[in-house]
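Protein chains in written order, with our numbering: chain A, 6 to 414; chain B, 6 to 414.
Protein chains: 2
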Amino acid sequence: MAVNYVLPSRESLLPVPGIRLGYAEAYVRKPNRKDMLIAVLDEGSLAAGVFTQNRFCAAPVTLCRDHLARTPSQRAIIVNTGCANAGTGERGLVDAGATCDAVATAIGCEPQQVLPFSTGVIMEHLPMDKILAGIPMCVASLTADGWYDAAHAIMTTDTVPKAFSKQITLYGKTVTITGISKGAGMIQPNMATMLGFIATDACVSAETLQDLVRMAANVSFNSITVDGDTSTNDSFVLIATNKADHPVIYADGTVEFTALHDGINEVAIVLAQAIVRDGEGATKFITINVSGGKSNAECMKVAKAIGHSPLVKTAFFASDPNLGRILAAVGYAGIDDLDQNKITLHLGDVLVAEHGGRAASYREADGSRVMKEAEIAVNVDLGRGTEKVTLWTCDFSYDYVKINADYRS
Amino acid sequence: MAVNYVLPSRESLLPVPGIRLGYAEAYVRKPNRKDMLIAVLDEGSLAAGVFTQNRFCAAPVTLCRDHLARTPSQRAIIVNTGCANAGTGERGLVDAGATCDAVATAIGCEPQQVLPFSTGVIMEHLPMDKILAGIPMCVASLTADGWYDAAHAIMTTDTVPKAFSKQITLYGKTVTITGISKGAGMIQPNMATMLGFIATDACVSAETLQDLVRMAANVSFNSITVDGDTSTNDSFVLIATNKADHPVIYADGTVEFTALHDGINEVAIVLAQAIVRDGEGATKFITINVSGGKSNAECMKVAKAIGHSPLVKTAFFASDPNLGRILAAVGYAGIDDLDQNKITLHLGDVLVAEHGGRAASYREADGSRVMKEAEIAVNVDLGRGTEKVTLWTCDFSYDYVKINADYRS
């Protein structure tokens, strides 16, 4: 179902020294599915994260922020699907705290060294009997080879597991970067109903790790949109186990920092694009490039207006080069002094619009040809500056409605 | 198909002294449908309008703004469906101008006293041969009783004609207010792919007419959303023919001004709600009341976040009380210092959430009961001020996708 997505094989996912993973079928909501994940980090590991901007953030997000503020020296992440523990008030915080306590006891660390994550239905309380019963099951299955099962254990409406590994060389040492993600709907920039976890055995300072997670989020998870909804639970966490035995890396522009930065970004982009390729009901993968802006922010405004428009997205679904809908979205993006006569619009390599209207050279057959492809690029030049952004999104199909109308049934 | 919509009868639509209407089947895009409308206003009539905020505004919108800036003393409106004359560059302006010239010649007035409107597919040029052939047909069918046919002549994907009349008394005289509207998709606050025309024979100053059209737009056409898209062509025009032979009304708080203001608002609200009831694929009519805000603007931010969320709208379609999706939308509406613990959410009369989570008294059976109704009220109290707004919207169904994927076919 996912658009042009290469399924990860078990063998393609490389263990990261210093981290072991285990899962459980805990029946949080439904039977016979992996619905809990634990990742246990060796002592000396560091973690950093970015989280949802939603003011109605979930209880586990509040605890993650609090624990990371206390110490970057984290020892475990614990994830459940089926229930988001969001909109659950004071009891939600108590439940998330009890989950961390149980993990801390099970693996031998402080509760503040456990980062909790939940995803699923909102406004229902965690079934704590099942969660607490699931934790020992997770611990019993811990293995360094656990990434493939881990990718499955965090899926909700995802149709494919999302995971990717790559290796880089730092100071002559081979370093691994492996990550998993989940999310298929309610995805938009500034974090969505998505979870992303990337781990590396590289040796990094805590401050640099925080820089790296922010930079990676900006070019990956904050540059995708499925339906414009921002969830209560979105989290992206980067872990460095510091096992690689090379000099500590700082954000200083050295070749080693650049190699690590680029490697993490590449993994994050693959994981973020996978969420769009598996977007609920998606049949097309759309890359929206907006250039020629006065600022990054105004370029993203335009990209989001296009990427969130139900009219544009249904036209992609229909393979209909109804390109006026794209121009209309550019027009209402909220740039007050936009001059429509300076905008050019390309669909793939086909010039569609310029000088405030349809390009003289444009033929609908050319537009139709591009629209029929599974991967489509929309290139807008605002003609007023040098900034640019890229946003990835998908089309809007019957199945999006079906999936979201049926989700809780 | 339209939700709880009372079809107007021919008899219910009252003529407005000083205005005659005519239509044509001009085959602008499709055969055998009324697709052009003319309204001819007696000398002494005044017009005022509000128009799309889209920077890619259509050529007729540009001309309307220009003509109204030159003189409020307008003599005709001319409308075509099938082609929006938007994204058509310089030639679009020439075509719209030629249309006004032809109308001016046909009825005997200045071209700047003609207001042109187009709705339909974007980025295609007006078929000027058909438009110019349609104008004499429109003029030939002019009649004061033409409102019912006029409502049909401006429909695009609308499934029902939208029209409403009422009468009020000003200084002992019976005054009529009659209006028509069109629009079914691409509707959101700040004008959408909608056209609205309201006429009255009341005697009003030009400045007051401009005040009245702005005030009516705010509580009607700017308070509805179907899919969040803002079109290139949205226009709402208010006409006063000044035939009622009573003292001229100014915006001065007199009982007469209030009566006229309330009457116009009532007609505008019926016409705006009709657009939502006939929203593309709509099966539910949703009223979103946001109160307790510090400002009108922040209340509208929250209302729009709820009203634009595909997740919320598909849950309404499914009659699924997945109310966490509403809380999530409140949370990402963009109010930075929102305290989730002060928010209360009612679905109809059912208290759903308070103190940052599900209300202790809430039972899903109660939520389900409300969600099954065709008209649903969502009441959010932000608990931080005294401002409030109301936004009307509809659900998001399979048919929305079908209609918009097939629109040009």
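C-beta: ideal position from N, C-alpha, C; glycine also.
For residue i versus residue j, is the C-beta distance shorter than 9 Å?
{"i": "Lys187(A)", "j": "Thr161(A)", "result": "yes"}
{"i": "Leu352(A)", "j": "Ala382(A)", "result": "yes"}
{"i": "Ile83(A)", "j": "Val119(A)", "result": "yes"}
{"i": "Asp106(A)", "j": "Pro116(A)", "result": "yes"}
{"i": "Leu387(B)", "j": "Glu303(B)", "result": "yes"}
{"i": "Ile274(B)", "j": "Ser225(B)", "result": "yes"}
{"i": "Ala64(A)", "j": "Asn90(A)", "result": "yes"}
{"i": "Ser170(A)", "j": "Leu19(A)", "result": "yes"}
{"i": "Cys114(A)", "j": "Ile43(A)", "result": "no"}
{"i": "Ala155(A)", "j": "Leu26(A)", "result": "yes"}
{"i": "Thr319(B)", "j": "Phe401(B)", "result": "yes"}
{"i": "Ala221(A)", "j": "Leu243(A)", "result": "yes"}
{"i": "Arg80(B)", "j": "Ile112(B)", "result": "yes"}
{"i": "Ala21(A)", "j": "Ala149(A)", "result": "The sequence shown places Val at residue 21(A), not Ala. Cβ atoms of Val21(A) and Ala149(A): closer than 9 Å."}
For a cutoff of 9 Å on Cβ pairs, would you count residue i as touching chain A?
{"i": "Gly102(B)", "result": "no"}
{"i": "Ala89(B)", "result": "yes"}
{"i": "Glu129(B)", "result": "yes"}
{"i": "Thr319(B)", "result": "yes"}
{"i": "Arg374(B)", "result": "no"}
{"i": "Arg330(B)", "result": "yes"}
{"i": "Pro20(B)", "result": "no"}
{"i": "Pro65(B)", "result": "no"}
{"i": "Ala302(B)", "result": "no"}
Output, in chain order, the set of chain B residues within a Cβ distance shorter than 9 Å of residue i.
{"i": "Cys62(A)", "result": "Gly336 and Gln345"}
I'd like to confirm the pairing. Which residues does DSSP put opposite residue i in its beta bridges?
{"i": "Pro116(A)", "result": "According to DSSP, Pro116(A) bridges with nothing at all."}
{"i": "Cys88(B)", "result": "Thr124(B) and Val126(B)"}
{"i": "Gln345(B)", "result": "Bridge partners of Gln345(B): none, in fact."}
{"i": "Thr179(A)", "result": "Thr174(A)"}
{"i": "Arg363(B)", "result": "Ala358(B)"}
{"i": "His351(B)", "result": "Leu356(B) and Asn384(B)"}
{"i": "Met41(B)", "result": "Ala29(B) and Asn85(B)"}
{"i": "Phe56(A)", "result": "Ser240(A)"}
{"i": "Gly184(B)", "result": "Phe169(B) and Ile203(B)"}
Check the Cβ of residue i against every Cβ in chain B and list those closer than 7 Å, keeping chain order.
{"i": "Met220(A)", "result": "Neighbours of Met220(A) on chain B: none; closest Cβ ~23 Å, over 7 Å."}
{"i": "Thr237(A)", "result": "Ala333 and Gly336"}
At least one CB of chain B closer than 9 Å to the CB of residue i: is that the case?
{"i": "Asp341(A)", "result": "yes"}
{"i": "Asn227(A)", "result": "no"}
{"i": "Ile244(A)", "result": "no"}
{"i": "Phe322(A)", "result": "yes"}
{"i": "Thr57(A)", "result": "yes"}
{"i": "Pro121(A)", "result": "no"}
{"i": "Pro132(A)", "result": "no"}
{"i": "Pro166(A)", "result": "no"}
{"i": "Pro116(A)", "result": "no"}
{"i": "Pro315(A)", "result": "yes"}
{"i": "Pro194(A)", "result": "For Pro194(A), the predicted model reports a pLDDT of 35, less than 50, meaning its position is unreliable; a value from the coordinates is still stated below. Cβ-Cβ to chain B under 9 Å: no for Pro194(A)."}
How would you list, in chain order, the residues of chain A whose beta-carbon sits under 7 Å from the beta-carbon of residue i?
{"i": "Gly94(B)", "result": "His360, Gly361 and Gly362"}
Which residues mark the beginning and the end of the alpha helix (DSSP H) in which residue i is found?
{"i": "Cys143(A)", "result": "Met133 to Ala145"}
{"i": "Thr319(A)", "result": "Pro315 to Phe322"}
{"i": "Val272(B)", "result": "Val260 to Arg282"}
{"i": "Cys399(B)", "result": "Careful: Cys399(B) lies outside any alpha helix (DSSP H), inside the beta strand (DSSP E) at Glu392 to Cys399."}
{"i": "Met220(B)", "result": "Ala211 to Val224"}
{"i": "Thr67(A)", "result": "Ala64 to Arg75"}
{"i": "Ala158(B)", "result": "Trp152 to Ala158"}
The beta strand (DSSP E) spanning residue i covers which residue range?
{"i": "Arg25(A)", "result": "Ile24 to Ala29"}
{"i": "Leu332(A)", "result": "Careful: Leu332(A) lies outside any beta strand (DSSP E), inside the alpha helix (DSSP H) at Gly329 to Gly336."}
{"i": "Thr292(A)", "result": "Phe290 to Gly298"}
{"i": "Ser373(A)", "result": "Per DSSP, Ser373(A) belongs to no beta strand (DSSP E); it is in the alpha helix (DSSP H), Glu369 to Met376."}
{"i": "Ala256(B)", "result": "No beta strand (DSSP E) holds Ala256(B); DSSP gives it neither H nor E."}
{"i": "Ala204(A)", "result": "Leu200 to Thr205"}
Taking C-beta pairs closer than 9 Å, name the residues in chain A that residue i reaches, listed in chain order.
{"i": "Gly97(B)", "result": "Gly361 and Gly362"}
{"i": "Val126(B)", "result": "Asn327 and Gly329"}
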